[in-house]
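When the count follows the working numbering, it moves up by one through the sequence shown with no breaks and lands on 66 for the last residue. We put the CB at the ideal spot given by N, CA and C, even for glycine. Owing to the predicted nature of the structure, the values given are computational and were not obtained by experimental measurement. The structure appears right after this line, and notes come after that.
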Amino acid sequence: MVSSIVVQCTDLLRTSEYDLWERLREVLRGQGLDPDRTVVVDLLPEGPDHEDGQVISDDGRVFKF
Numbered sequence: 002m003v004s005s006i007v008v009q010c011t012d013l014l015r016t017s018e019y020d021l022w023e024r025l026r027e028v029l030r031g032q033g034l035d036p037d038r039t040v041v042v043d044l045l046p047e048g049p050d051h052e053d054g055q056v057i058s059d060d061g062r063v064f065k066f
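Written out as structure tokens, the structure is:
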């Protein structure tokens, strides 16, 4: 069963215009990942301009940011 926070964060990654999600989309694209095919599995805001977390790409690779 998928955690609702994973579903919620992944939806925000794909649709939100909030700065945090726009920055994360830029980071992912810079790493060659498609935000529309990436799942957010962990997100820890560390401050106004810094987040740590993990995503899984569509081919199953795990990336930390």
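What would DSSP say about residue i, mapped onto helix, strand or coil?
i	result
Leu34	coil
Asp60	coil
Glu18	coil
Asp50	coil
With 16 other CB atoms within 10 Å as the buried threshold, where does residue i fall?
i	result
Val56	buried
Thr39	buried
Val41	buried
Thr11	buried
Inspect the beta-carbon positions of residue i and residue j and report whether they are closer than 7 Å.
i	j	result
Asp53	Leu45	yes
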